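K.L.:
In our numbering, the protein residues as written are 9 to 402. Here it is, the structure, as structure tokens.
This is the structure in structure tokens:
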């Protein structure tokens, strides 16, 4: 019989599981704290649990985290891990340290079926959804590994923010995503604020509504185009959920959201979506002069495109990005130009690819030949490089 992975449960699920083992529900809270707050994976070491309960857990349960295949560190301190999720698939997770926060970019799928033109993950195709344990396991590993490595004092956190912006479309893996979010938010686990957990979506409208009802956290929408014709080409999901439906869902989401705005991600592609005319269309779109009747409370995050060979795209020149931002800002829209982090280790936005056994055969359909698998870097060399980066002052 396969052992149950305790990282698959949120607190309610763990309580129900403990009841099934003949234990009181409050034992689940104690167990939950050992797992997530203390990062203990050996049930025998959970000293305030009855020995009979510990023995029972050890016989039927485990704490199974995806194995680290490789680790790379950027010159700017960003760290990327490649996790083995079995079956020839591997996913990437990125830690971005800043002076006032530590952000973890988490993957939700091995590959992605959405197929956005500018995203390296989409070009790898799609293999499968990750389990809740595989999603939570990325945070579990990063938090407790970094606490130890950075010599953080008791009670300190290494991870203060989580963004579901890694490999995959989170809302197409909703059944595993929802309990993972609840673990992140739970005060008996990681205790993250709803404002500090962000789900990024390419626009799965029905699931935006479900997230609003079930577990509203910060929402980021990958927009990337000011009209349906262009977005159909850049973000194929737009053909199913066009801009009018997507923006209406964003309006509904704001009724329960922990922030009073939606963040729109906009990847700047040279000669494709980056003119001042495109910027003016965006202003009309969100201020009620396009497909909408009312202004939408939002902010724009302009993302310099991080090239990869299969895309055939290049990044907009910096001056054009600034001119684009000026149009939005002069219309009263809060706009930032994202600082690229980790691009030297392919850890920047849109660059995550991992290793995917593509069941959709997207690479073959594009080029008529099979994709070349990515070879992990030498792990010992990566660890040494990462240690050097972590030792540098912020």
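Using N, Cα and C, we set each Cβ at its ideal position, and we do this for glycine too. None of the values given here were measured: they were computed from a predicted structure.
Can you name, in chain order, every residue of its own chain whose Cβ lies under 7 Å from the Cβ of residue 142, other than the five neighbours on each side?
P.N.:
For residue 142, where only same-chain residues beyond five positions count, the Cβ hits under 7 Å are 74, 93.
K.L.:
Would you identify the three-state DSSP class for residue 185, choosing helix, strand or coil?
P.N.:
In this structure, residue 185 counts as helix in the three-state DSSP scheme.
K.L.:
Entirely within the segment 77-146 and at least 4 residues each: give me those alpha helix (DSSP H) ranges in chain order.
P.N.:
The segment 77-146 contains these whole alpha helix (DSSP H) runs: 128-131.
K.L.:
What residue from 263, 264, 258 has the CA that sits closest to residue 270's CA?
P.N.:
If we check each option's Cα against that of residue 270, 258 comes out closest.
K.L.:
Note the first and the last residue of the continuous alpha helix (DSSP H) segment covering residue 254.
P.N.:
Per DSSP, residue 254 belongs to the alpha helix (DSSP H) from 251-261.
K.L.:
Give the DSSP-derived three-state secondary structure of residue 334 in the structure shown.
P.N.:
If DSSP states are grouped into helix, strand and coil, residue 334 belongs with the helices.
K.L.:
What is the DSSP secondary structure of residue 54, reduced to helix, strand or coil?
P.N.:
Coil.
K.L.:
By how many angstroms is the C-alpha of residue 37 removed from the C-alpha of residue 321?
P.N.:
Whole-angstrom Cα-Cα distance: 50 Å.
K.L.:
Can you list, in chain order, the residues of its chain whose CB lies under 8 Å from that of residue 268, leaving out five sequence neighbours each side?
P.N.:
Counting only Cβ-Cβ distances below 8 Å, and skipping sequence neighbours, we find 262, 305.
K.L.:
Kindly confirm or deny that the segment 178-196 and the segment 70-86 touch, where touching means at least three C-beta pairs closer than 8 Å.
P.N.:
Because the criterion of three Cβ pairs below 8 Å is not met, the segment 178-196 and the segment 70-86 do not touch.
K.L.:
What is the rounded straight-line gap between the Cα of residue 345 and the Cα of residue 326?
P.N.:
Between residue 345 and residue 326, the C-alpha separation is close to 10 Å.
K.L.:
Any chance the segment 154-168 sits against the segment 109-120, with 3 or more Cβ pairs inside 8 Å?
P.N.:
Result yes; three or more Cβ-Cβ pairs closer than 8 Å.
K.L.:
Under 8 Å by Cβ, that's how I've got residue 277 and residue 324 pegged, so tell me the actual separation to the nearest angstrom.
P.N.:
Confirmed, Cβ separation roughly 6 Å.
K.L.:
According to DSSP, which residues form a beta bridge with residue 168?
P.N.:
None; residue 168 has no bridge partner.
K.L.:
Where does residue 14 land, buried or exposed, given buried means 16+ other C-beta within 10 angstroms?
P.N.:
When all chains shown are included, residue 14 counts as buried.
K.L.:
Is it right to say residue 19 is buried, meaning 16 or more other beta carbons lie within 10 angstroms of its own, or is it exposed?
P.N.:
Buried, by the Cβ-count rule.
K.L.:
Give every residue of the same chain whose Cβ lies closer than 8 Å to the Cβ of residue 47, excluding the five residues on either side of it in the sequence, and list them in chain order.
P.N.:
Cβ within range, chain order: 148, 151, 152, 155.
K.L.:
Report the CB separation of residue 281 from residue 233 in whole angstroms; it is logged as a contact under 8 Å.
P.N.:
Sure, about 5 Å apart at Cβ, within 8 Å.
K.L.:
Tell me where the beta strand (DSSP E) around residue 31 begins and ends.
P.N.:
First-last for residue 31: undefined, no H or E at that position.
K.L.:
Output the distance between the C-alpha atoms of residue 212 and residue 91, rounded to the nearest integer angstrom.
P.N.:
Each residue's alpha carbon lies about 26 Å from the other.
K.L.:
On the three-pair Cβ rule with 8 Å, is the segment 157-164 touching the segment 117-133?
P.N.:
With the cut-off at 8 Å, the segment 157-164 and the segment 117-133 do not touch.
K.L.:
Cutting at 8 Å between CB atoms, please list the residues of its own chain near residue 284, excluding the five before and the five after it.
P.N.:
Result list for residue 284: 331, 332, 335, in chain order.
K.L.:
If we call anything under 8 Å between Cβ atoms a contact, is residue 44 one with residue 229?
P.N.:
Going by C-beta atoms, residue 44 is not nearer than 8 Å to residue 229.
K.L.:
If you count every other CB in all the chains shown that lies within 10 Å of the CB of residue 68, and 16 or more means buried, which is it?
P.N.:
So residue 68 counts as exposed.
K.L.:
Below 8 Å on the Cβ atoms is my contact criterion, and I expect residue 316 with residue 197 to pass it. Report the Cβ-Cβ distance as a whole number of Å.
P.N.:
With a Cβ gap of about 35 Å, residue 316 and residue 197 do not count as contacting.
K.L.:
My output table needs one value for residue 197: the three-state DSSP class, helix, strand or coil.
P.N.:
Reduced to three states, the DSSP call for residue 197 is coil.
K.L.:
Mind checking whether residue 310 and residue 343 have CB atoms under 8 Å apart?
P.N.:
Against a cut-off of 8 Å, the Cβ pair of residue 343 and residue 310 comes out as a contact.
K.L.:
On a CA-only basis, which of 195, 264, 314, 134 is nearest residue 97? Give me that one, please.
P.N.:
Ranking 195, 264, 314, 134 by Cα distance to residue 97 puts 134 first.
K.L.:
In the segment 279-320, which residue ranges form an unbroken beta strand (DSSP E) of at least 3 residues, counting only runs that do not cross its ends?
P.N.:
The segment 279-320 contains these whole beta strand (DSSP E) runs: 306-312.
K.L.:
Please name the residue in 64, 59, 255, 291 whose C-alpha comes closest to that of residue 339.
P.N.:
The option with the nearest alpha carbon to residue 339 is 291.
K.L.:
Measuring straight from C-alpha to C-alpha, what distance separates residue 374 and residue 30?
P.N.:
In this prediction, residue 374 has a pLDDT of 48, which is less than 50 and means its spatial position is unreliable; what the coordinates show is noted afterwards. Going from the Cα of residue 374 to the Cα of residue 30 covers about 54 Å.
K.L.:
What is the residue span of the alpha helix (DSSP H) that residue 237 lies within?
P.N.:
Element bounds for residue 237: 236-242.
K.L.:
What are the boundary residues of the alpha helix (DSSP H) that includes residue 272?
P.N.:
Not the alpha helix (DSSP H): residue 272 falls in the beta strand (DSSP E), residues 270-276.
K.L.:
Using the C-alpha atoms, what's the distance from residue 319 back to residue 127?
P.N.:
One C-alpha to the other measures close to 8 Å.
K.L.:
Would you call the CB atoms of residue 193 and residue 207 closer than 8 Å?
P.N.:
No, Cβ-Cβ distance for residue 193 and residue 207 is not below 8 Å.
K.L.:
Residues in its own chain within less than 6 Å of residue 173 by CB, not counting five upstream and five downstream?
P.N.:
Counting only Cβ-Cβ distances below 6 Å, and skipping sequence neighbours, we find 113, 208.
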